[in-house]
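In our numbering, the protein residues as written are 1 to 431. The C-beta atom is built at its ideal place from N, Cα and C for all residues, glycine as well. Values in this document were obtained by computation on a predicted structure and should not be read as measured data.
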DNA sequence: TTGGGG
């Protein structure tokens, strides 16, 4: 029996899959994409992979892996790794061939980038014997992966500044979340998209996401929440193999380097090339006391090495609290007191406008009607000629220059109590 | 069984 099995053993090239429908086969191939583990609608857990080899690399072939518990599912450490599948079944679905891994199948995972002689799997399910021909196959796939650039469909990977709501693919660099030391390792120029994980994610399933390296997400959900863009990594999202030599990545890296080398590189893209400095006076909404100094992005502000500092930024004022002129003009205590929500493509912050800074912003106390018009300009509220606000007209906050000062409100923890205020900024030139 | 370029 064992002798017979050895004779029967054959590795299937992916191009021949269509001729073996309903057969059990053995495959060694490269993991082009992999999704997160999830509960199936039956009794098992499931994980979906897409495989390629040198005979079938344009779209590849889907594998549905089912195991009784989540820990047994393949936990791919990087797209581009190699999977050895034994006793998997070929099926068709809507005219496409796919592979099903049932519980009596077995798999082993090998690093895609490794020495020729490295045949130690980093994960295996069920006993799997590695024959000489399997080793040769692994070596040749590793070589192919290095020498060959997988032709990438150029469509469907928008830049962050082009994204629309819904499902999309993204090619972007990955950055970590929150604590200050990590926030400081973010890039501070360009469009920054926060990505959240909708599923309970196991840490070891995210090994493939490495800080500072390029990553391709397939089918990530993009949505706007309270005016900010988010990516949502969900059960349909996959990570796709990519390299620094991929032409999408080369192009994006080039654009990024070009951008940071520009004088205006830290200005939001929407304001370039007609930068705030060159806007004609009539279009300018604010004037900052010390113009013509270096511009900072809001991420620069957040990641600045000192708690207290002063920054000139180009932002949109997306909200104000309060925003009604009558509340601003008769505030408790007789001084201005307002909180603004400022946004640029890199981040969003809240900044206060209090007392004398408010007097600078509104040019003293010019009366309810003037304050109302100034606020409408700042917030991008559309008015009719007679000053009546067009209610159903979408608000579109313009890009404005502001001066932001950072400070702390409590000495016990400077960074935790770091706050921002807008100062030396004046709303100018009524329309 | 389940899921499958959603």
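Asked, Found
"Simplified DSSP state of residue 157, which is helix, strand or coil", "coil"
"Beta-carbon spacing of residue 470, residue 89 below 8 Å", "In this structure the chain extends from 1 to 431, so residue 470 is not present and cannot be described."
"Residue 34 versus 60, 11, 408 and 419, residue with shortest Cα-Cα distance", "60"
"Buried or exposed by the 16-neighbour rule on C-beta atoms within 10 Å, applied to residue 21", "exposed"
"Pairwise C-alpha distance: residue 131 and residue 81", "19 Å"
"Assigned secondary structure, residue 419 (DSSP; H/G/I helix, E/B strand, else coil)", "strand"
"Residue burial classification, residue 224 (beta-carbon count within 10 angstroms, cutoff 16)", "exposed"
"Those residues which DSSP pairs with residue 335 across a bridge", "The partner list for residue 335 (beta bridge, DSSP) is empty, contrary to what the question assumes."
"Within the region 106–171, ranges of the alpha helix (DSSP H) (whole runs, at least 4 residues)", "132–147"
"Closest residue to residue 479 among 215, 170 and 13 (Cα-Cα distance)", "Residue 479 lies beyond the range of the chain shown here (1 to 431); nothing can be said about it."
"Under 8 Å between C-beta atoms of residue 310 and residue 357", "no"
"Residue burial classification, residue 18 (beta-carbon count within 10 angstroms, cutoff 16)", "exposed"
"C-alpha distance - residue 273 paired with residue 259, whole-angstrom precision", "At residue 273, the pLDDT of 41 sits below 50, so the modelled position is not reliable; the number obtained from the coordinates is stated separately. Their backbone Cα atoms lie some 12 Å apart in a straight line."
"Segment contact flag, the region 314–334 with the region 343–353, C-beta cutoff 8 Å, min 3 pairs", "yes"
"Pair within 8 Å by beta-carbon distance, residue 233 and residue 196", "yes"
"Beta-carbon proximity list for residue 79, same chain, < 7 Å, skipping 5 on both sides", "31, 32, 33, 34, 208, 239, 240 and 241"
"7 Å CB neighbourhood of residue 372 in its chain, flanking five on each side removed", "325"
"Contact under 8 Å by Cβ, residue 436 with residue 86", "The structure shown does not extend to residue 436, since the chain is modelled only from 1 to 431, so the question has no answer here."
"Counted within 10 angstroms of its Cβ, other Cβ atoms place residue 221 as buried (16 or more) or exposed", "buried"
"Counterpart residues of residue 414 in DSSP-defined beta bridges", "In the DSSP output, where bridge partners are listed per residue, residue 414 has none listed."
"Neighbourhood of residue 55 by C-beta distance below 8 Å, restricted to the same chain and skipping five residues each side", "13, 14, 15 and 16"
"Extent of the continuous alpha helix (DSSP H) run through residue 300", "298–303"
"Beta-carbon separation (whole angstroms), residue 166 vs residue 193, contact threshold 8 Å", "That belief does not hold up - the Cβ atoms of residue 166 and residue 193 are roughly 14 Å apart, past 8 Å."
"Residue burial classification, residue 425 (beta-carbon count within 10 angstroms, cutoff 16)", "buried"
"Length at least 3, wholly inside the region 217–245: the beta strand (DSSP E) runs in chain order", "228–233 and 238–240"
"Every unbroken beta strand (DSSP E) within the region 346–391, with a cutoff of 3 residues, ordered by chain", "347–354"
"Segment contact, 8 Å Cβ cut-off, at least three pairs: the region 37–45 with the region 108–117", "no"
"When 402, 63 and 70 are compared against residue 84, the one with the closest alpha-carbon", "63"
"Where residue 16 falls: helix, strand or coil (DSSP)", "helix"
"As assigned by DSSP and simplified to three states, the class of residue 206", "helix"
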